[in-house]
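K.L.:
Chain order of the listed sequences is A and B. According to our numbering, the stretch in the first sequence is residues 1 to 332, in order. According to our numbering, the stretch in the second sequence is residues 1001 to 1313, in order. The structure follows.
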Amino acid sequence: MAIAGTSDARRSLGFLSRDTLVKWAPLLVLLVLIAFFAVMEPRFLSIRNFARILIAATPALMIAVGVTFIIIMGSIDLSMEGTVSVCAVIFAFCFIWLGGTLASWAWLALPFALLVGAVLGFVNGLIHVKLKIPSFMASLAMGFVGTGLAMVMTGGDRIRIEDEAFRALLTVRWFNFPIMVYVAGLFLLIAWFIQTRTTLGRNFYAVGGGEALAHGSGLNVDRVRIMGFTLAGVFFAVGALLAVGRIGIAETATGNNFMFLSITAVVVGGTALWGGIGGVWNTLVGVLIVFVIGNGMVVIGLPGYIQDGVLGLLVILAVILSTDRKSISFVK
Amino acid sequence: MSVETFKPYFPWITLVALVLIVGAINPAFFNLGSMVTLVADIVPLFIMALGMTFAIYIGGIDLSVQQVANLVTVVATVYLAQFGIFVAVICVLCGFVVGAVSGWITTKQFVPSFVSTLATGFIALSGARYLSGERALSMSAEARDASFGWMFGNTAGVPHELVIAGVLLAIAWFLQTRTTFGRALKAVGAGELAAVSSGLNVDRIKILAFALSGLFAAIAGLMFSVKLSGGDANLANGFLILAIVAVLVGGTPLTGGVGGVMNTLVGTLIVVVIRTAMVYLQVDATMQQMVFGVILIVAIALTIDRSKMGTVK
């Protein structure tokens, strides 16, 4: 939704050049925020509190990582709320139908949920590319379909998952952090691998950097797009599984609020909405910024009604700091 | 006579086709009285979408409209007793200021409108929650009827809400097609760099577009508040996505420069017909969201004019 202007090769050398500053700005913002909340309330710095932040952040992190690939391509995916709900609900049904505990064949529900995410993402990409509908609208409509589908399947009911082996995601802790944090870390590494070490990952940047150019150099842009949406769907599914693992309930509302949250986090992390810039580490920082702000405001005891406004202000500030104003001529 | 000639009319054709299909299956849909009520009911949504059109027309988006409307419902309810009908001025100013701030952050601070408007929306929400004391407030019936009772009357069977919507549409249409500001909006939407080069004060135009979006959202919030005789920080929730959908289905693409307020009129009507048709056609309540999504994809696929878009992002 914005256009990068002429970015000349103005690369100044030196340790603290503007490029370096802009690149590390999101991380600096995160550190400043942590320092600020720690000064205001020392309890903020406890391991226990960090575990709390990470537990809250992991589902959103997976979803934000998924949409990062799409945003790098310069598109957008708004289908996550629907996809997450559908994956969560289908997972819960399969899991219970196959025995209801990870010790039985019910573990098959895990890969099946990822497959469902991939299929939804694939359909999303197909509608976007083949019908030539801009991704904003195609994915928004797919989101409606997803939420609706989850509604039809559950009839509005909640499905409880009480299997101890599955809930171990939250209840069992290694080195003070629950397993779900490590699972999210593993998938983050996979995403990083895809981004930096695979052709597909490089192609995302090629499409985002200049689609006409990518097309001209023989890249099958349509295919890259569809694969990108499929991949995003898989990460949405991982987010759905972690969300179910966190609260032990799958329902239509499992996907609620993830849309604006994940995109805000991606942008705050320094991935530009116009594509070609950023990556999964930016997204990690962005998600942490958003959740540290949320947690910190509660810990230092800000009244509830101020919290939304402060979050809004800080998000604007974070984006301003991590934007290289000299290399863009305008944003939309 | 080629397909190209008809392209601008695709949204209209889609609308007429939808109405005819629904009417053919259930003739009760063609009842004039219920149709008028139906359309009058969605006036706040239409006004919000009308404002959003300006933001999307220049290639941006305004995600703060729902929260602006929320804020305004609270402001209107709290200050109605004190200011009477002049509370409308305060409300409209609120919307204008929030929109202008979003515009300023977008243009001067290079924060994409997707994020800047989302953030100003949060700030507006904070304001609404603070002012309402996190409670649902209600207006005193006499004060409401004295100041805004006229809004819900009838003249010769035409609800006054429709008249208001018509007047606002006329103003928006006039702004878009008959003023230099309107032409400048199109220039910015079609190609911002070219607009800058030709000497337009693009920043001011963009800020004004966002301010207008906020202003219309405030009017929508005010009407909503008077209609429900109260205000609270979540009253208008659910409007945002529908307003965006109404603009997009009408044929104003997110890339800007094409479409306009008339398209939004059609878009809003399409959305409403789809929603109502599901009731008339007795689609199961749990199925409605899904059916809405599928029809939306079909409607958008039929409606949008791809000839003016380069790459589809």
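Quick reminder that beta carbons are idealized off the backbone N, C-alpha and C, glycines included. Quick caveat, the model's predicted, so the values are computed rather than measured.
(1) Please state the DSSP three-state secondary structure of TRP97(A).
(2) Excluding five sequence neighbours on each side, which residues of the same chain lie with their C-beta closer than 6 angstroms to the C-beta of TRP1173(B)?
(3) Is the distance from the Cβ of VAL119(A) to the Cβ of ASP222(A) below 8 angstroms?
(4) Counting C-beta neighbours from all protein chains within 10 Å, is the total for LEU1071(B) 16 or more, i.e. buried, or is it exposed?
(5) By the criterion of Cβ-Cβ separation under 7 angstroms, what are the contact partners of MET137(A) in chain B?
(6) In or out: TRP274(A) buried (at least 16 other Cβ within 10 Å) or exposed?
(7) According to DSSP, simplified to helix, strand and coil, what is SER139(A)?
(8) By the 9 angstroms beta-carbon criterion, what residues does the segment 282-315 of chain A contribute toward chain B?
(9) Skipping 5 residues on each side, what residues in its chain have a beta carbon closer than 8 angstroms to that of PHE1181(B)?
(10) Counting only beta-carbon atoms, is THR1276(B) nearer than 8 angstroms to chain A?
(11) What are the boundary residues of the alpha helix (DSSP H) that ASN203(A) is part of?
(12) Give the secondary structure of THR1252(B) by DSSP, where H, G and I count as helix, E and B as strand, and everything else as coil.
(13) Inspect the CB distances between the segment 1151-1162 of chain B and the segment 1096-1103 of chain B and report whether three or more fall short of 8 angstroms.
(14) Between the segment 111-134 of chain A and chain B, which residues of the former have a C-beta closer than 9 angstroms to a C-beta of the latter?
(15) Terminal residues of the continuous alpha helix (DSSP H) containing ALA1220(B)?
(16) Would you verify that the beta carbon of ILE1304(B) is, or is not, closer than 8 angstroms to some beta carbon of chain A?
(17) Since GLN1289(B) meets chain A, which of its residues come closer than 7 angstroms, beta carbon to beta carbon?
(18) List the residues of chain A that LEU1242(B) touches, going by C-beta distances under 8 angstroms, in chain order.
(19) From which residue to which residue does the alpha helix (DSSP H) around LYS23(A) run?
(20) How close, in whole Å, do the beta carbons of GLY209(A) and THR68(A) come, if the pair is a contact with beta carbons under 8 angstroms?
(21) Count the other CB atoms, across all protein chains shown, that sit within 10 Å of the CB of ARG1129(B); report buried if there are 16 or more and exposed otherwise.
(22) Can you give the Cα-Cα distance for MET1035(B) and GLY228(A), rounded to whole angstroms?
(23) Taking 8 angstroms as the threshold (C-beta atoms), are PHE1148(B) and VAL1226(B) in contact?
(24) Run through chain A and tell me which residues come within less than 8 angstroms of PRO1253(B), C-beta to C-beta.
(25) Which of the three DSSP states, helix, strand or coil, is assigned to GLY1121(B)?
(26) Using a Cβ-Cβ distance under 8 angstroms, would SER1198(B) count as near chain A?
(27) Starting from LEU169(A), trace the alpha helix (DSSP H) both ways and give me its first and last residue.
(28) The alpha helix (DSSP H) that contains GLU251(A), what's its start and end?
(29) My guess is that PHE91(A) and ALA57(A) are in contact by the Cβ rule of under 8 angstroms, so how many angstroms apart are they, rounded?
(30) Which word fits GLN1082(B), buried or exposed, when buried means at least 16 other C-beta atoms lie within 10 angstroms of its C-beta?
(31) Measuring only between beta-carbons, confirm whether GLY1059(B) sits less than 8 angstroms from chain A.
(32) List the residues of chain B that GLY156(A) touches, going by C-beta distances under 8 angstroms, in chain order.
(33) Where ASP1041(B) and VAL1279(B) are concerned, what is the direct C-alpha to C-alpha distance, given to the nearest angstrom?
(34) Check whether the segment 98-117 of chain A touches the segment 158-174 of chain A, counting contact only when three or more Cβ pairs, one atom from each stretch, lie closer than 8 angstroms.
(35) Is it right to say GLU251(A) is buried, meaning 16 or more other beta carbons lie within 10 angstroms of its own, or is it exposed?
(36) Which value, in whole angstroms, describes the spacing of the CA atoms of GLN1109(B) and ILE320(A)?
P.N.:
Reading it off the structure:
(1) Reduced to three states, the DSSP call for TRP97(A) is helix.
(2) The beta carbon of TRP1173(B) is closer than 6 angstroms to those of VAL1261 in its chain, skipping five residues each way along the sequence.
(3) No, these two residues do not count as a Cβ contact at 8 angstroms.
(4) Answer is buried; the Cβ neighbour count reaches 16.
(5) Simply LEU1248 and ILE1300.
(6) The residue in question, TRP274(A), is buried, as its Cβ has 16 or more Cβ neighbours within 10 Å.
(7) It is helical.
(8) Against chain B - using a Cβ distance shorter than 9 angstroms - the residues of the segment 282-315 of chain A are PRO303, GLY304, TYR305, ILE306, GLN307, ASP308, GLY309, VAL310, LEU311, GLY312, LEU313, LEU314 and VAL315.
(9) Taken in chain order, the residues that qualify are LEU1175, ILE1205 and LEU1208.
(10) Answer no: the Cβ-Cβ gap between THR1276(B) and chain A never drops below 8 angstroms.
(11) ASN203(A) -> alpha helix (DSSP H) spans 199-209.
(12) In the structure shown, THR1252(B) sits in coil (DSSP, three-state: anything other than H, G, I, E or B).
(13) Cβ pair count under 8 angstroms is below three, so no.
(14) Answer set for the segment 111-134 of chain A: ILE127, HIS128, VAL129, LEU131, LYS132, ILE133 and PRO134.
(15) Where ALA1220(B) is concerned, the enclosing alpha helix (DSSP H) stretches over 1202-1228.
(16) Closer than 8 angstroms to some Cβ of chain A, the Cβ of ILE1304(B) qualifies, so yes.
(17) Correct list: PHE144, THR147, GLY148 and MET151.
(18) Residues of chain A whose Cβ lies closer than 8 angstroms to the Cβ of LEU1242(B) do not exist, since the nearest Cβ in that chain is about 11 angstroms away.
(19) Looking at the DSSP string, the run of the alpha helix (DSSP H) that includes LYS23(A) is 18-40.
(20) Their Cβ separation, rounded to whole angstroms, is 15 angstroms, which puts GLY209(A) and THR68(A) out of contact at 8 angstroms.
(21) By the neighbour-count rule (16 or more Cβ atoms within 10 Å), ARG1129(B) is buried.
(22) Taking the straight line joining both Cα atoms gives about 44 angstroms.
(23) The answer is yes: Cβ separation under 8 angstroms.
(24) PRO134, listed in chain order.
(25) The answer is helix: DSSP assigns GLY1121(B) an H, G or I state.
(26) Contact with chain A is absent for SER1198(B), since none of that chain's Cβ atoms lies less than 8 angstroms from the residue's Cβ.
(27) Bounds of the alpha helix (DSSP H) holding LEU169(A) are 164-171.
(28) Per DSSP, GLU251(A) belongs to no alpha helix (DSSP H) and is neither H nor E.
(29) At roughly 21 angstroms, the Cβ-Cβ gap does not stay under 8 angstroms, so PHE91(A) and ALA57(A) are not in contact.
(30) Around the CB of GLN1082(B), fewer than 16 other CB atoms lie within 10 Å, so the residue is classed as exposed.
(31) With 8 angstroms as the cut-off, GLY1059(B) counts as an interface residue toward chain A.
(32) Those within 8 angstroms of GLY156(A) in chain B are THR1286.
(33) Cα-Cα distance, rounded: 15 angstroms.
(34) Because the criterion of three Cβ pairs below 8 angstroms is met, the segment 98-117 of chain A and the segment 158-174 of chain A touch.
(35) Under this definition GLU251(A) is a buried residue.
(36) Straight across, the Cα-Cα distance linking GLN1109(B) with ILE320(A) is about 6 angstroms.
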